[in-house]
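A short worksheet on the structure shown next.
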Amino acid sequence: MRAFEIIGGLLALAGLWALPQWGELSPYVLHIATLSAIYAIPAIGLNLMLGYGGLVSLGHAGFVGIGGYAAGLLMVDAGWTFWAALPAAMLASGAAGALVGALCLRLRTHFFMIVTLAFGLILHAVMNNWEELTRGPVGLAGIPRPEAIALFGAEIAFRRLPDFYRLTMAAAMAALAVQALIVRSDFGRMLAAIRQDEVLASARGVPVMAMKVAVFAIGSAIAGAGGAFKVSFLRVAAPASFDMLESINIVLIVIVGGAGHLLGPVLGAGLFVAVPEALRVASAWRLVVFGLVLVLLMRFAPQGLAGLAADAVRRLRGKGALRAPGHA
Amino acid sequence: MLLAVAEQVLNGLMLGSIYVFVALGMMLIYGVMHVLNFAHGALFMLGGYCAHLVFTQAIGNYALAILAAIVMLIAVGAVIERTVFAPLRDNLRNQVIASLGLVLFIENLVVVLWGPNALQFRIETTQAVVSLGVLRFRVQHLLIIGVCALCVTALFLFLQRTRFGTAIRAVAQNPRAALVVGIDVVRVHRVTFAISMALAAIGGALLGPLFLLFPQMGDLPLVKGLAGILLGGMGSIGGAVVGGLLIGVIEAVSTLVIATDYRDAVTFTAIVLVLLLRPQGLFGVRTREEA
Amino acid sequence: MTKIVRRAALSVLAVGAALAGFTPIAAAQDRVTIGVLTALSGPLAAPGRFQMNGINLAVEDANAQGGVEIGGRRYQVEIKVYDTRGNPAEGASAMQRLTTVDRVPVVIGELSSGVAAAVAPIAADNEVPFILTVPTGPNLTKANNRWLFRVNAHNDQLSQALADFISRQGWQPLAYIAWNNDAGRGGVQSMSRLLPQGWRIGYTGFFNVGEVDFSAHVTNIRNAGARAVMLFMDEEPGSLAIAQIKAAGLDVQLIGTLAMGSDRFLRRLDAQRLNGMVQYNAFPPNAAVPRIQGFSQRYRAKFNEEAHGFAAQSYDGLMVALAALRAAGSATDARRVREALTRIDHEGVTGRLRFDAEGQASPPVYVTQWCADGRRRILYPADVVADCGAG
Chain A
283 MRAFEIIGGL LALAGLWALP QWGELSPYVL HIATLSAIYA IPAIGLNLML GYGGLVSLGH
343 AGFVGIGGYA AGLLMVDAGW TFWAALPAAM LASGAAGALV GALCLRLRTH FFMIVTLAFG
403 LILHAVMNNW EELTRGPVGL AGIPRPEAIA LFGAEIAFRR LPDFYRLTMA AAMAALAVQA
463 LIVRSDFGRM LAAIRQDEVL ASARGVPVMA MKVAVFAIGS AIAGAGGAFK VSFLRVAAPA
523 SFDMLESINI VLIVIVGGAG HLLGPVLGAG LFVAVPEALR VASAWRLVVF GLVLVLLMRF
583 APQGLAGLAA DAVRRLRGKG ALRAPGHA
Chain B
43 MLLAVAEQVL NGLMLGSIYV FVALGMMLIY GVMHVLNFAH GALFMLGGYC AHLVFTQAIG
103 NYALAILAAI VMLIAVGAVI ERTVFAPLRD NLRNQVIASL GLVLFIENLV VVLWGPNALQ
163 FRIETTQAVV SLGVLRFRVQ HLLIIGVCAL CVTALFLFLQ RTRFGTAIRA VAQNPRAALV
223 VGIDVVRVHR VTFAISMALA AIGGALLGPL FLLFPQMGDL PLVKGLAGIL LGGMGSIGGA
283 VVGGLLIGVI EAVSTLVIAT DYRDAVTFTA IVLVLLLRPQ GLFGVRTREE A
Chain C
890 MTKIVRRAAL SVLAVGAALA GFTPIAAAQD RVTIGVLTAL SGPLAAPGRF QMNGINLAVE
950 DANAQGGVEI GGRRYQVEIK VYDTRGNPAE GASAMQRLTT VDRVPVVIGE LSSGVAAAVA
1010 PIAADNEVPF ILTVPTGPNL TKANNRWLFR VNAHNDQLSQ ALADFISRQG WQPLAYIAWN
1070 NDAGRGGVQS MSRLLPQGWR IGYTGFFNVG EVDFSAHVTN IRNAGARAVM LFMDEEPGSL
1130 AIAQIKAAGL DVQLIGTLAM GSDRFLRRLD AQRLNGMVQY NAFPPNAAVP RIQGFSQRYR
1190 AKFNEEAHGF AAQSYDGLMV ALAALRAAGS ATDARRVREA LTRIDHEGVT GRLRFDAEGQ
1250 ASPPVYVTQW CADGRRRILY PADVVADCGA G
């Protein structure tokens, strides 16, 4: 069973890696796949906070923006390479996450949601208004794609779409791996204990506040990486890429994909980017239809796409009746 | 300077009264059903469009148009409550997401049906202007405040003095115990939703003539109203009123001292500060938080 | 009521057809497809409507004349329209699809400068020319992108004549109320740069898209003693701002943008409140210029409303694209189309259009003023100055 999963995973990986080689495959498909990966990265960060830590943040795009602007400014104004700017961006958004987390993690449920929403709005206002630094609403243009690197003697030029696609795929895989490691570590188990019963966890010696701040900082740092990839992909950092709607989109991606499932953010990001693209033909109606799809998903697949997939696998194996449903 | 502050306080109270109106229906649903219905702003907007439709295409009587909008929104609300919120009763997170899906659905449906351009909703009798010192306000705005006060009072009396109101409060406090003592919880939820829809319809129909009708008209008031509820302490009508008004005042007064493009940032920083000092909000009661 | 029901029914049919993969039966004639980016949803959907009106009218006009002749063959003109929602990532995906799936030889449109900045590099990647028809950020055409062109005037070009006019009139202190987005902030920036050094600015009030209450700004403007108020925003918030300024009894000179010089704007307010207001304009619909009159009449006949500047610019955008296809002699070779664009000299409805080395055109810009009777006069440029009824 374990082997089955590993082989399946490796096959999927090989397929994704080879995608650009499939003959006439359109750059458009690669573009959409890249964008999905770029949305999946911050969603993985949020999944750690929301799915595993129980923290519903409505300001996540603000932290994606910190990473994006940090990377963009370092590359454009300070002449750093992408490879130097990426860790700096993660550090910046991680530090901001730790700071904001330390401030507002004392608040619970809806209070926490609205305060994070407030931070998202404040960060957006700074990106939009601080024209001397951020260039204001028209955005910081001229952000380069990552510099080419030599690997086994071959040059990989990331300004070309196929190579950039592979880079973001690798980054998304790395984020997934980090997520899996965290979830399966002692840290992850303590997080689960806090989510299930904070008072009990605290009584048993789990440092609740420190754990929550840590997961907020890690989630924000991953979001910052997503931001760096996003601005390098779009070659512009604009406030419209990091507004409240984008924050809500990331929450939707996590929950629709299946919060608290390792693959949930990836499935959610795929759905979020691909469905509106597929509906382009029905231009005026596509968001009406998309809204309806969301409502129906919540109604009939409350565990998200990952939950739906897990159910299907279970049914295929004929064990549906024996297993308890996935956790809430 | 003092005069300028006084003027801005008055401006802010007028603006805040609109946030209160949006917040009221949302707060009711939150208080009773523990759902943050993000679609409330979109439904508010829909109420305005319905009233406009009836007013311009059918009867031309403002009061009747509002009444028709109430009926229409209660019908829409009944469908939404039965098909979306009731089946998701035990899953708060999914209710929030479903309500966000409803926002997309409703706002874009309105764009398709009515077009993206703002509609004008002219009610000649309320165009007149009333002077308060150097400030002047439209009769329509005073009407909104009057109706809002009326709704708050009626809601308060209904919840405190009537049998059904008591049942609603019982469900709000403890749905299981309410069920045990024989209260029809399903019916309480339906009636609560209907009242909230009626408030949205009245609010949208009143706000339309003051400004304009457009698909996103409910978005900003919703966020501000939500912030107001939070500032006041979730779940108390008085708190929602004070919170909403306070947000309006902070917004208006802040323009005197801080660059206006940071107006929202200032408002939300104030909220964060208040909550850090008083995590239960200004008027909230500290309870054991729900999961 | 019936109109809405009918539109709903039609839309349902349209979606059904689209989802079922319905394609019109190919006619015997050849077709050339132009890509269009615009906002069909989101807060920019209203200006997007004007943009699409202009483009649709251009397609109709071109096909009514038997289509476009390219390399000795006649082509029917078609457009492929994608929604960007005002979101940069969405715009980039749409451009990628237009250039690599639909393989259009040229793309026109877009509304927001922030989206355009993310879209333009994709056009360069795939070597397809992209002609902007509305975004006004001056830096867009200074990014060294050979594939980007712009037919409309940018903020600095639009504000220049008006800034001269304001300084001649001595309107200071000046106050601003502006959208807190690329259009509003960009407008304030350009105007402040172009006014004489040290021109007194009494107050600057920014507001977010969707805000409708300007009372705090109006009070501050009165207390700042401003003589004139410049409004950088669209028609809808503009009508609200003016209504609130006038209701507050402020005696200030109103100054506006091209969105505020139309009969549609008059209907939102009235002649009494608009009297004396000046604004820059890219397309004064009643000017005694044949190309302007002709467009205004055709536009009114089709859409039953007064022509809008965005529509006229976008009409020209499509016509310039067709002229470039004709000159390139190819309906598919985007490189040759770009080459042709650099040399284009087109008499559009907004004026004579030629691109400079950065791809920026310099269409004429006007300053118009509202008269007491609800008509408009033209104050600038000198060769078309005319009294009430001409603007």
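Residue numbers (this note's numbering), protein chains in the order written: chain A, 283 to 610; chain B, 43 to 333; chain C, 890 to 1280.
No residue lacks a Cβ here, since even glycine has one placed at the ideal position from N, Cα and C.
Predicted model, so just to flag it, every value in this text is computed and none were measured.
Item, Value
"Ala459 (chain A), buried or exposed, once every other Cβ within 10 Å from all chains shown has been counted against 16", "exposed"
"Contacts that Asn53 (chain B) makes with chain C (C-beta to C-beta distance below 9 Å)", "Asp1102, Ser1104, Ala1105, Val1107, Thr1108"
"Proximity test, Cβ basis, 9 Å: Gln215 (chain B) and chain A", "no"
"Proximity of Thr311 (chain B) and Phe1096 (chain C) at Cβ, strictly below 9 Å", "no"
"Sequence-distant residues of its chain with Cβ nearer than 6 Å to Ala84 (chain B) (five each side left out)", "Val145, Ile148, Glu149, Gly260"
"Whole-number beta carbon distance between Gln1142 (chain C) and Val1107 (chain C), since they are thought to touch under 8 Å", "With 8 Å as the limit, Val1107 (chain C) and Gln1142 (chain C) do not qualify as a contact, their Cβ atoms being about 15 Å apart."
"Classification of Ala615 (chain A) by the beta-carbon crowding that lies within 10 angstroms, buried from 16 upward", "This structure cannot settle anything about residue 615 (chain A), because the visible part of chain A is limited to 283 through 610."
"The stretch 966-982 of chain C contacting the stretch 1219-1239 of chain C, beta-carbon criterion three pairs below 8 Å", "no"
"Test: Pro1010 (chain C) CB closer than 9 Å to a CB of chain A", "yes"
"Segment limits, alpha helix (DSSP H) that includes Ala1032 (chain C)", "Run containing Ala1032 (chain C): none; DSSP gives neither H nor E here."
"Spatial distance of Leu295 (chain A) from Val1008 (chain C) (CA atoms)", "30 Å"
"Burial state of Arg597 (chain A), where buried means 16 or more other Cβ atoms lie within 10 Å", "exposed"
"Residues near Ser1081 (chain C) by beta carbon distance below 6 Å, same chain, minus five either side", "none"
"Top-ranked residue by Cα proximity to Asn1175 (chain C), from C:Arg1266, C:Thr973, C:Arg1241", "C:Arg1266"
"Neighbour flag for Gly937 (chain C) against chain B, beta carbons, 9 Å", "yes"
"Cα-Cα separation, Ala606 (chain A) to Gly600 (chain A)", "Residue confidence for Ala606 (chain A) is low, a pLDDT of 44 falling below 50, so the modelled location carries little weight; the figure read from the coordinates is stated next. Going by the C-alpha atoms only, they are around 13 Å apart."
"Cβ-based contacts, 7 Å cut-off: residues of the stretch 930-955 of chain C near chain A", "Ser930"
"Cβ neighbour criterion (16 or more within 10 Å) applied to Asp1123 (chain C)", "buried"
"Residues that DSSP places opposite Arg920 (chain C) in a beta bridge", "C:Gln965"
"Interface flag, Leu78 (chain B) vs chain A, CB-CB below 9 Å", "yes"
"CB contact check: Phe325 (chain B) to chain A, cutoff 9 Å", "no"
"Boundaries (first-last residue) of the beta strand (DSSP E) holding Val1141 (chain C)", "Note, Val1141 (chain C): premise wrong, no beta strand (DSSP E); not H, not E."
"The stretch 1146-1165 of chain C: positions lying closer than 7 Å to chain B by Cβ", "Arg1157"
"Where the beta strand (DSSP E) containing Ala1064 (chain C) begins and where it ends", "1063-1068"
"Cutoff 9 Å: Met491 (chain A) Cβ touching any chain B Cβ", "no"
"Helix, strand or coil at Trp1259 (chain C) [DSSP, three-state]", "strand"
"Residues of its chain near Ala1072 (chain C), where Cβ-Cβ distance is below 7 Å and the 5 sequence neighbours each way are ignored", "Thr1025, Phe1121"
"Reduced DSSP category for Tyr61 (chain B) - H, G, I as helix; E, B as strand; rest coil", "helix"
"Three-state secondary structure (DSSP) of Met276 (chain B)", "coil"
"Alpha helix (DSSP H) segments (min. 4 residues) lying fully within the stretch 1204-1272 of chain C", "1223-1232"
"Pro1010 (chain C) beta carbon less than 9 Å from that of Leu516 (chain A)", "yes"
"Assumed close pair Gly402 (chain A), Gly487 (chain A) - CB separation to whole angstroms, cut-off 8 Å", "So it is not a contact: roughly 34 Å between Cβ atoms."
"Cross-chain neighbours of Thr973 (chain C) in chain B, by beta carbon under 7 Å", "Ordered by position in chain B, no residue passes the 7 Å Cβ test against Thr973 (chain C), which lies about 14 Å from the chain."
"Contact under 9 Å by Cβ, Pro1062 (chain C) with Gly1091 (chain C)", "yes"
"Partners in chain A for Gly1094 (chain C), counting only beta-carbon separations shorter than 9 Å", "Within chain A, no residue comes near Gly1094 (chain C); the closest Cβ sits about 13 Å away, beyond 9 Å."
"Reduced DSSP secondary structure (H/G/I, E/B, other) of Met56 (chain B)", "helix"
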